[in-house]
Amino acid sequence: MLDVTTETITVKGMTCDGCVNSVTKALKGVSGVEKADVDLAGQKATVTFDDSKTNLAALKEAVEEAGYDAD
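If you count the sequence shown from 1, position 13 lands on 87 in the numbering used here, and the numbers rise without skipping.
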């Protein structure tokens, strides 16, 4: 059985749909991520992941490596 967790990350710096696509791609590129919903208007990403494969710190790092601020 998977240890699935859903977390919401505040993503600062997104200004358009291209930004949403970049953040989504970065998050989905992290091993263990099942689903990533990025909300431009809300400046946040809701991520569902297997916490035996990744963690919140790794997800934030992926967002930051894509060029955005993550809290």
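Using N, Cα and C, we set each Cβ at its ideal position, and we do this for glycine too. It should be emphasised that the depicted structure is a prediction, and the values quoted were computed from it without experimental measurement.
Legend entry - Given residue 81 as reference, the closest of 138, 124, 94 and 88 once Cα atoms are compared: Taking the sequence shown and counting its residues from 1, one reaches residue 81 at position 7. Here the closest residue by C-alpha is 124.
Legend entry - Test item: CB-CB of residue 110 and residue 83 under 7 angstroms: Here residue 110 refers to the residue found at position 36 when the sequence shown is read from its first residue. Here residue 83 refers to the residue found at position 9 when the sequence shown is read from its first residue. No, the Cβ-Cβ distance between residue 110 and residue 83 is not below 7 angstroms.
Legend entry - Same chain only: Cβ atoms within 6 angstroms of residue 145, ignoring 5 sequence neighbours per side: Taking the first residue of the sequence shown as 1, we reach residue 145 at position 71. Within the same chain, residue 145 has close Cβ partners 84.
Legend entry - Residue burial classification, residue 100 (beta-carbon count within 10 angstroms, cutoff 16): Taking the first residue of the sequence shown as 1, we reach residue 100 at position 26. Its Cβ being crowded by 16 or more others within 10 Å, residue 100 is buried.
Legend entry - Delimiting residues of the alpha helix (DSSP H) encompassing residue 131: Your numbering for residue 131 matches position 57 in the sequence shown. Looking at the DSSP string, the run of the alpha helix (DSSP H) that includes residue 131 is 130-139.
Legend entry - Supposed contact pair residue 122 and residue 135 - C-beta distance, whole angstroms, cut 8 angstroms: Taking the first residue of the sequence shown as 1, we reach residue 135 at position 61. Taking the first residue of the sequence shown as 1, we reach residue 122 at position 48. So it is not a contact: roughly 18 angstroms between Cβ atoms.
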